[in-house]
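Engineer: Pasting a structure below so you can have a look.
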Amino acid sequence: MILSKDVESQIGQLLSKNKKIEAIKLVIDTTKCGLKEAKDFIDHYAAGWSADNAPVNTDQEILSLLAQGRKLEAVKLYKESSRAGLAESKDYVEALWEQHQSSAGSAVSKSRDTQIDQLVLNQQGTRPVKRISNKVILAIIAILAILLLVYIISSAG
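When you number the sequence shown by my numbering, it's gap-free, plus one each residue, and the end is 163.
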């Protein structure tokens with residue numbers, strides 16, 4: 007679990023004041039992890055296990071798997087290494103990826119977003135033309151139907 011030194015310090019202060027529930031809430035609010043995962047983290051932390059000793063290598067492996075598009079394997083890796091539940095593991099992996107993406111601010115991601123924005127703009131420019139074309143076609147069909155009806159009525163009489 008990745009926590010800033012400030013958050014880690016706050017956790018230490020809360021635990022020293024015997025405010026375990028507030029410490030768990032802080033972990034949940036900071037990392038968006040599940041209740042069980044936050045409680046397990048605080049339990050380990052309280053037992054002398056600091057965030058510096060957290061499984062950073064596991065997080066790096068998870069990020070590597072996610073970068074390769076292997077989300078299921080990343081969730082499984084975290085689930086096995088943390089003994090968390092499936093939903094909590096999924097939430098943790100997604101939060102870790104979001105945190106990584108926002109902190110990385112990679113040019114590839116920005117470039118991809120720019121390309122997507124450009125595609126959306128291009129589609130927005132062509133959609134009204136397509137709608138107008140459909141309306142014109144419907145109007146022509148309606149006119150032809152009316153003309154056919156007039157012809158049939160005049161032929162019958």
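Idealized CB from N, CA, C, for every residue including glycine.
Using the beta-carbon count (16 or more within 10 Å), is residue 159 buried or exposed?
Structural biologist: Exposed: under 16 other Cβ atoms inside 10 Å.
Engineer: Would residue 64 and residue 95 be called neighbours here (beta carbons separated by less than 8 angstroms)?
Structural biologist: no
Engineer: With contact counted as at least three CB pairs below 8 angstroms, one residue from each stretch, are the region 33-50 and the region 91-107 in contact?
Structural biologist: yes
Engineer: Quick check: the Cα distance between residue 109 and residue 147, rounded to an integer number of angstroms?
Structural biologist: 56 angstroms
Engineer: Could one say the Cβ of residue 121 lies closer than 8 angstroms to chain D's Cβ atoms, at least one of them?
Structural biologist: Although the question refers to chain D, the structure presented lacks it and comprises just one protein chain.
Engineer: So, at 7 angstroms on beta carbons, what are the nonlocal neighbours of residue 105 in its own chain, with the 5 sequence-adjacent residues on each side left out?
Structural biologist: 8
Engineer: Taking 8 angstroms as the limit between beta carbons, can you name the residues of its chain near residue 20, skipping five residues before and five after?
Structural biologist: 26, 28, 29 and 32
Engineer: What did DSSP end up calling residue 73 once you bin it into helix, strand or coil?
Structural biologist: Of the three classes helix, strand and coil, the one that applies to residue 73 here is helix, per DSSP.
Engineer: For residue 84, count the other beta carbons within 10 Å of its own beta carbon; 16 or more makes it buried, fewer makes it exposed. Which is it?
Structural biologist: buried
Engineer: Restricting to Cα atoms, I'd like to know which of 99, 15, 89 and 49 is closest to residue 72.
Structural biologist: Of the candidates 99, 15, 89 and 49, the one whose C-alpha sits nearest the C-alpha of residue 72 is 99.
Engineer: In this structure, how does DSSP classify residue 63 when only helix, strand and coil are distinguished?
Structural biologist: helix
Engineer: Restricting to Cα atoms, I'd like to know which of 50, 90 and 13 is closest to residue 35.
Structural biologist: 13
Engineer: Between which two residues does the alpha helix (DSSP H) containing residue 23 stretch?
Structural biologist: Where residue 23 is concerned, there is no enclosing alpha helix (DSSP H), given that its DSSP letter is neither H nor E.
Engineer: Can you list, in chain order, the residues of its chain with a C-beta nearer than 8 angstroms to that of residue 59? Leave out the 5 residues immediately preceding and following it.
Structural biologist: Note on residue 59: pLDDT 45, under 50, position unreliable in the model; the coordinate value appears next. Closer than 8 angstroms at Cβ, skipping near neighbours: no residue.
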